[in-house]
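Quick note on numbering: the sequence shown equals residues 1 to 242 in full-length UniProt numbering. The structure under discussion appears below in the form of structure tokens.
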Amino acid sequence: MNPLSTRLRARTTPATALALAVLAASALPASAHVRVKPDSTVAGSYAGLTFRVPNESDDASTTKVVLTLPQDQPFRHVSVRPLPGWTATVTEATLPTPVTLDGSTLTKAARTVTWTATGDQAIAPGQYQEFAVSAGPLPTSGTVVLPVAQTYSDGEVVEWATPQAAGDPEPEHPAPQFDVTAAADGGNPVAATTAGAEAAAPVGADADPTDPVARGLAGGALLVALLGIGAQVVARRRRVEA
Numbered sequence: 001m002n003p004l005s006t007r008l009r010a011r012t013t014p015a016t017a018l019a020l021a022v023l024a025a026s027a028l029p030a031s032a033h034v035r036v037k038p039d040s041t042v043a044g045s046y047a048g049l050t051f052r053v054p055n056e057s058d059d060a061s062t063t064k065v066v067l068t069l070p071q072d073q074p075f076r077h078v079s080v081r082p083l084p085g086w087t088a089t090v091t092e093a094t095l096p097t098p099v100t101l102d103g104s105t106l107t108k109a110a111r112t113v114t115w116t117a118t119g120d121q122a123i124a125p126g127q128y129q130e131f132a133v134s135a136g137p138l139p140t141s142g143t144v145v146l147p148v149a150q151t152y153s154d155g156e157v158v159e160w161a162t163p164q165a166a167g168d169p170e171p172e173h174p175a176p177q178f179d180v181t182a183a184a185d186g187g188n189p190v191a192a193t194t195a196g197a198e199a200a201a202p203v204g205a206d207a208d209p210t211d212p213v214a215r216g217l218a219g220g221a222l223l224v225a226l227l228g229i230g231a232q233v234v235a236r237r238r239r240v241e242a
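If you want it as structure tokens, here you go:
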């Protein structure tokens, strides 16, 4: 065997291996758990909470999504952003223990928000949908855990309800959650939340339902693969010219 060819293969193999590894990773499904994205986490503010719900079934559609709200630190106000093709119902419940909030005592609070697909607007395999509520005020501290139940057209119900502590491995079905941050001295948390809500783009009937994460991973993998091939060609030319 030509010693030059052997050295070239030894030098270019790591670049090729890197490209193949990235391509293999892009073939794996991206984490598709139900997530929540708050536009504010400041204690005492009203937050726009957007829940991204992907369909993880190969042959069934998501027809219903149920969000469960906390009772130990309940929200005084909850409203739902309209979503074409889905009905939304907010249900109140009596609190296990009355809660004092802003100088008044709450004995009832919103307990669940239920979205139900109408017509052909269910979330099909390979798609996702976003559901949004405005809720507040946020508690003074701690982690807000917001379990979600996802119902499929074949009757399967997936409970995204397991809290995750910091530093722990992610459970199979983690609950959407976020940490509350302290309000700055003299700040106006409500005004900050309003500004964040205005910056957020609403999700309408014409929104693209395909997941952009998978497209980004595939594009990045292709770029790395091309760079690896280019490195091989340059190395080969330099060795031949030498």
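No residue lacks a Cβ here, since even glycine has one placed at the ideal position from N, Cα and C. Please read these numbers as outputs of a predicted model, since none were measured by experiment.
Check whether the Cβ atoms of Ala-43 and Pro-139 sit closer than 8 Å, and answer yes or no.
yes
Measuring CA to CA, which of Val-78, Pro-82, Arg-35 and Ala-88 is closest to Ala-109?
If you compare the alpha carbons of Val-78, Pro-82, Arg-35 and Ala-88 with that of Ala-109, the shortest gap goes to Val-78.
From the DSSP output, read off the bridge partner residues of Asp-179.
Thr-143
| query | Nearest-angstrom Cα distance between Ala-70 and Val-144? | reply | Residue 70 is actually Pro in this sequence, not Ala. The alpha-carbon atoms of Pro-70 and Val-144 are separated by roughly 8 Å.
What first and last residue would you give for the beta strand (DSSP E) that runs through Tyr-152?
148-152
(request) Determine the extent of the beta strand (DSSP E) in which Tyr-128 is found, giving its start and end residues. (result) 128-136
Practice problem: Go ahead and pull the three-state DSSP assignment for Leu-83. | Solution: Here Leu-83 sits in coil by DSSP.
* Sorted by chain position, which residues of the same chain lie with C-beta nearer than 6 Å to Glu-56's C-beta, five sequence neighbours on each side aside? -> Ala-32
Exercise. Would you check if there are 3 or more beta carbon pairs closer than 8 Å linking the stretch 49-64 to the stretch 125-133?
Key: The stretch 49-64, when compared against the stretch 125-133, does touch it at the 8 Å Cβ threshold.
**Prompt:** Within 10 angstroms of its Cβ, does Ala-122 collect 16 or more other Cβ (buried), or is it exposed?
**Reply:** Residue burial is scored here from C-beta neighbours: Ala-122 has at least 16 other C-beta atoms within 10 angstroms and is therefore classed as buried.
message: Along the chain, where does the beta strand (DSSP E) containing Thr-114 start, and where does it finish?
response: 104-117
Whole angstroms is fine: what's the gap from Val-53's alpha carbon to Tyr-128's? Answer to the nearest angstrom: the Cα atoms are 5 Å apart.
**Prompt:** From Val-80 to Val-158, what distance separates their C-alpha atoms?
**Reply:** 22 Å
Q.
Looking only at its chain, what residues have a beta carbon closer than 6 Å to the beta carbon of Asp-154, apart from the 5 residues adjacent to it on each side?
A. Counting only Cβ-Cβ distances below 6 Å, and skipping sequence neighbours, we find Ala-60.
### Message
Quick check: Thr-63 and Ala-117, are their CB atoms within less than 8 Å of each other?
### Response
yes
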